[in-house]
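The opening position of the first sequence corresponds to residue 177 in our numbering, with each subsequent residue numbered one higher. No residue lacks a Cβ here, since even glycine has one placed at the ideal position from N, Cα and C.
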Amino acid sequence: MPELPEVETVARGVNRRVRGDRIVQAWFGKRPQTFKTPPSRQAKGLAGRTILAVHRTGKHIVFELGAEASAAAPDAQWIVHLGMTGRLLVATPDAPVAPHTHARIDLASGNELRFVDPRRFGRLEFRNLRGKGDAAFEAPGAEPLTIGAVAFAELFSQRKMPIKAALLNQSLLAGVGNIYADESLFQAGIRPRRRSNRLNAAELERLRLALRQILLHAIRLGGSSVSDYVDAEGESGFFQLEHCVYQRTGEPCRRCQTPIRRIELAGRGTHYCPICQR
DNA sequence: CATTTCACCTGGTGGC
DNA sequence: TGCCACCAGGTGAAAT
């Protein structure tokens, strides 16, 4: 489901609800694919630690953990990737447990943190920052909200792949997925199939600004709820109402009324306006 | 190395 | 109603 705005919304919501709380115990399901770190190690590492803060990096939700609430610096991290259908919810223990719940974390406040993921493309990882060779989590790519014009242009001007494929590459920019790639290319007036290295400086800068504006706007609206995305409280977002091209195949372009086209690119459904995007 | 394709999963939707 | 094909917000391994 979730791209940068959705992950940001979830991370903020979870942070608001669990920051400062202490983990009593953690339960994990038995689907091995879900765990980047063995579940027994995750449960052991989480138990007794305090959640110092929760934030987003790329499409990852990072829990900064300390041995006690007064800890100056985190000594461990719990990292959640929502994949396509993952949900991270703060619930009360009496709330019914949804199918495909792969993790339940009991908090001292009485709340419970739950990870639910039908398609199991999501991943859970625990990192001990004091262990040998265990470094803090870093997204491989740059942050789309803060990257500057020069660095942005450098990322794309050497690539021969289609600009949309480059936008989806998390080791270049971290956080852009299919919705916001299509929407930002529409806003910038650029066809998804254009080769990255054929875009001129003005086009690349239009794209950077369009991407930033759209991501910030989507965060303000709580993300896009296309099929099943909800935030930490189980609430839908509203940015899907403002999509210009994503999943609007055949519908009139909001700018010129031409029917929106759908093609396949980089194995993903790709939507664009043949008139507004060149 | 850069780029492209495909497998990994379940569930919802729309056509017949 | 039932069955089936197709589609889905992501990623990383394998192939080219």
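Candidates the options, of which the one nearest residue i by Cα
i       : options                            : result
Ala-219 : Ala-245, Ser-360, Ala-252          : Ala-252
Glu-409 : Glu-184, Glu-182, Val-183, Gly-189 : Gly-189
Ala-274 : Leu-283, Gly-205, Phe-239          : Gly-205
Pro-368 : Glu-379, Gly-351, Ala-341          : Ala-341
Ser-464 : Leu-331, Val-230, Glu-314          : Here the chain comprises residues numbered 177 to 454, so residue 464 is not present and cannot be evaluated.
Arg-232 : Val-183, Gly-259, Ile-355          : Val-183
Gln-423 : Val-402, Val-406, Phe-239          : Val-402
Glu-179 : Asn-354, Leu-348, Cys-452, Leu-375 : Asn-354
Ala-315 : Ala-350, Arg-454, Met-337          : Ala-350
Leu-344 : Arg-192, Ile-439, Gly-234          : Gly-234
Ile-142 : Gly-443, Ala-329, Glu-427          : This structure cannot settle anything about residue 142, because the visible part of the chain is limited to 177 through 454.
Arg-335 : Ile-199, Arg-374, Arg-454          : Arg-374
Distance between residue j and residue i (C-alpha atoms, nearest Å)
i       : j       : result
Arg-384 : Pro-320 : 8 Å
Gln-433 : Ala-312 : 49 Å
Arg-396 : Ile-281 : 28 Å
Ala-357 : Arg-290 : 29 Å
Gly-196 : Gly-242 : 10 Å
Ser-285 : Val-186 : 19 Å
Glu-301 : Gly-307 : 15 Å
Gly-259 : Leu-305 : 24 Å
Glu-418 : Ala-364 : 16 Å
Thr-277 : Phe-239 : 19 Å
Ile-255 : Thr-425 : 36 Å
Glu-440 : Thr-322 : 30 Å
Ser-412 : Asn-376 : 38 Å
Gly-221 : His-236 : 19 Å
Residue i - partner residues in DSSP beta bridges
i       : result
Asp-282 : Gln-201, Glu-288
Glu-301 : Ile-255
Val-238 : His-231, Ile-255
Val-266 : Leu-289
Thr-226 : Arg-198, Gly-242
Ile-436 : Thr-425
Three-state class that DSSP yields for residue i in the structure shown
i       : result
Tyr-356 : helix
His-447 : strand
Glu-409 : coil
Thr-277 : strand
Glu-427 : coil
Leu-397 : coil
Next on the checklist: Closer than 8 Å is the cut-off here; do at least three beta carbon pairs connect the stretch 241-248 with the stretch 260-267?
Outcome noted: no
Checklist entry - Within the chosen definition, does the stretch 207-216 reach the stretch 418-433 through at least 3 CB pairs nearer than 8 Å? => result no
Item to check | Inter-stretch contact (C-beta, 8 Å, three-pair minimum) for the stretch 226-246 and the stretch 444-454 | outcome: no
Checklist entry - Counting pairs of Cβ atoms below 8 Å between the stretch 386-404 and the stretch 360-378, do you hit three or more? => result yes
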